[in-house]
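Inspection log for the structure reproduced underneath, given as structure tokens.
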Amino acid sequence: MITIMMGYFVAFSFSMLALSWALEGGMLYPKDSPSRELKELNGLWSFRADFSDRRDQGFQQQWYSRPLRESGPIIDMPVPASFNDITQDAKLRDFIGWVWYEKEVWIPQPWVSASAGKRVVLRVGSAHYYSIVWVNGAKVTQHEGGHLPFEADITKLIQSSPMALCRITIAVNNTLTLHTLPPGSIQHKADNSRYPPGYFVQNTNFDFFNYAGIHRPVVLYMTPSAYIDDITLTTTFADNVGSVNYKVSVKGSSDFTVSLNLYDARSKLVATALGLEGHLLVPSPNLWWPYLMHDTPGYLYSFEVVMKAKNGSNQYQDIYTLPVGIRTVEVTKTQFLINGKPFYFQGVNKHEDADIRGKGLDWPLIVKDFNLLKWLGANSFRTSHYPYAEEIMDMCDRYGIVVIDECPGVGIKNPESFGEKSLAHHLIVMEEQVRRDKNRPSVVMWSVANEPASQLPAAGYYFKTVIAHTKSFDPTRPVTFVSNSNYSSDKGAPYVDVICVNSYFSWYHDSGHLEVIELQLNTQFDNWYRLYQKPIIQSEYGADTIPGFHTDPPLMFTEEYQKAVLQNYHAIFDKKMKQNLIGELIWNFADFMTAQSITRVVGNKKGIFTRQRQPKSAAFVLRDRYWKLANKTGMLPPLPKTHYL
Ligand code: GCB
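Residues -22 to -1, 1 to 623, numbered by mature numbering (1 follows the signal peptide of the UniProt record, and there is no 0), are exactly what the sequence shown covers, in order.
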């Protein structure tokens, strides 16, 4: 492995060292404000994959030290997007190793002058999976892991250069190891009678295509050099008074004042306070309610922080505004309560996945998906199997779509992936995820993994530690992981707040036998509840379906079979939701790309929508159910479906 990915591993061990400390500083989403400016670097970047045998030519020849076009051929690569499906080159589609991105940008002159008291930050929304960033040939940061943002303060660097032209180089490596999240491994095929010299493949234990590249926006942003670094908000309410509990951190000055203003959705000032920590009280608050639970779901206040600082004779002002929803979350033995009322997750699992752009952020797709969720009557989703883009999470906050926020802990199967090294990284990933999403009202629970080998002895300590660590950063939200282990041997389940179970009766087990679903599902719920007395979510169920395939009686892969699987599951859900079942999440919202295999026909076809977001018959079954449920569970006064569309 080392022979191929040498450059990667050098960087990897360094990062583990650097990251073994708790994270420093906040990760506020970059936004314009009267004191801040933003420059988006999305669009076309120069690109080259390093196809050299050891994938280390870029480092040997220091491709970052001069314009990429000078060290070899380049192609255009859109950002954000996965690089895999952009060209006709099969080698690039399945490429493993370092790829190089570069963009030259002008920094606005007022940001550059050393006397201006500005701070300039380069931020990458996410890149898969290991990234090193240079500006004008100087390394400014590195980051391990996809799906989460990272940034570098480049103020000094750009102020010391004579030109405001800035060459940004980002090398990204998609190699997975047994210690990354998700884990993976490189397999060398040494048999020269069957494979060419140096042949290797990357093996993973997850069922989605391992898209790579710069998946989310890259931005440069400017703040004053004394600035609001982080904000942590939690909310409670009692006796018709809401409380927004805040903690603000400021950097760049020790001589400052902070004032807080809370505005309602009509921009009316409802509360003010001073200082870094405290409470803002809101009489008769408009609570943040999930979609279909209230007629103004997703109500958001605006929490404005105004910081004024002095550094000698210099004065600075920084202003940052964060949306805040006032709501509470609580778990009992049988219920999930939002604002004290039982909440039933009638939702979906998704993927960030689409034709051509792969996992790249795509606004038309995002808005289309939210329209489909509303059409469906879905009130929630799980970010299977990694944190989704902040832009998507913003929509959840605004639309009242409840989120189980899952980390990239998918496919943790090998015993080595339960060791100290993996655990240390997993803790950091949870810190990064909580730091990014802690203020979101839509996020009601963290999921620290999907279908790990949680029956292994090491899984007990591993999940106890990851869950406790997550709670130490966020004591306000329940934590879970999603299991497909046998209830009696799952070593992690004792530590979760909610049992999340995946099962595929009549699909992966007893294939074609719809008649076993009800009995097996009933047994599944009874077993888990008897042992743990915790509420349960059916976090996956479903069947692959080729749109346009029809049979009667239903046969596997037809639209009729998918509908029948759903209906058989629903019959038991209807019984169990009166007891301790608190949710059902279909697998999957839409078809998505996977690795090639004999069980996947150009991807996973368990979507109720196609990859192009057209409904299969099952979408209408689910839509009828979700709208009926919304009325029946008392979440809504009887309403026509069109009410919220
Ligand atoms: C699962 C996994 C999911 C797969 C799905 C399937 O249990 O959690 O990632 O895509 O099953 O369709 O096999």
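Using N, Cα and C, we set each Cβ at its ideal position, and we do this for glycine too.
Item, Value
"Integer-rounded CB distance, given that residue 302 should sit under 8 Å from residue 222", "6 Å"
"Close-in-space but distant-in-sequence residues of the same chain around residue 624 (CB under 7 Å, 5 per side omitted)", "This structure leaves residue 624 out entirely; the chain is present only between -22 and 623."
"Residue -5 in three-state terms, based on DSSP", "Residue placement at residue -5 is flagged as unreliable, the pLDDT there being 34, under the threshold of 50; a coordinate-derived value is accordingly withheld."
"Buried or exposed (CB count within 10 angstroms, at least 16 for buried), residue 594", "buried"
"Inter-stretch contact at 8 Å, needing at least 3 Cβ pairs: the stretch 420 to 433 / the stretch 26 to 33", "no"
"Residue 123 classed as buried or exposed, judged by whether at least 16 other C-beta atoms fall within 10 angstroms", "buried"
"The ligand GCB heavy atom lying under 7 Å from the CB of residue 184", "yes"
"Cα-Cα separation between residue 555 and residue 525, rounded to whole angstroms", "30 Å"
"Option nearest residue 627 by Cα separation, candidates 318, 246 and 309", "The question about residue 627 has no answer, for the chain in this structure spans -22 to 623."
"Spatial neighbours of residue -2 in its chain, beta-carbon cut-off 8 Å, leaving aside the 5 residues before and after", "With a pLDDT of 39 at residue -2, under the threshold of 50, the modelled position of that residue is not reliable, and the figure given next carries that caveat. Nothing meets the Cβ criterion."
"Residue 428 beta carbon near the ligand GCB (any heavy atom closer than 7 Å)", "yes"
"Within 8 Å, strictly: CB atoms of residue 435 and residue 391", "no"
"DSSP state of residue 20 mapped onto helix, strand, coil", "coil"
"Residue 101 in three-state terms, based on DSSP", "strand"
"Collapsed DSSP secondary structure at residue 339 in the structure displayed", "coil"
"Pairwise C-alpha distance: residue 264 and residue 22", "43 Å"
"Residue 518 Cβ short of 7 Å to the ligand GCB heavy atom set", "yes"
"Counterpart residues of residue 294 in DSSP-defined beta bridges", "287"
"For residue 375, the three-state DSSP class (helix, strand or coil)", "helix"
"heavy atom of the ligand GCB below 7 Å from residue 391 C-beta", "no"
"Residue 605 (DSSP reduced to helix, strand or coil)", "helix"
"CB of residue 313 within 8 Å of CB of residue 53, strictly", "no"
"Residue 41 beta carbon near the ligand GCB (any heavy atom closer than 7 Å)", "no"
"Cβ neighbours of residue 115 in the same chain (closer than 7 Å, five flanking residues each side left out)", "42 and 43"
"Through-space distance from residue 494 to residue 450, alpha-carbon basis", "42 Å"
"DSSP beta-bridge partners of residue 478", "460 and 515"
"Ranges of the beta strand (DSSP E) found wholly within the stretch 112 to 144, counting only runs of at least 3", "116 to 122 and 128 to 131"
"Beta-carbon proximity check, residue 308 vs residue 238, cutoff 8 Å", "no"
"Integer Cβ distance of residue 199 from residue 230, believed to fall under 8 Å", "About 15 Å; that fails the 8 Å criterion."
"Three CB pairs or more closer than 8 Å across the stretch 74 to 84 and the stretch 345 to 360", "no"
"Beta-carbon gap between residue 136 and residue 196 smaller than 8 Å", "no"
"Beta carbon of residue 268 nearer than 8 Å to that of residue 378", "yes"
"Length of the line joining the Cα atoms of residue -14 and residue 404", "Residue confidence for residue -14 is low, a pLDDT of 35 falling below 50, so the modelled location carries little weight and cannot support an answer."
"With 16 other Cβ atoms within 10 Å as the buried cut-off, status of residue 247", "exposed"
"Same chain only: Cβ atoms within 6 Å of residue 119, ignoring 5 sequence neighbours per side", "111 and 130"
"Where residue 250 falls: helix, strand or coil (DSSP)", "strand"
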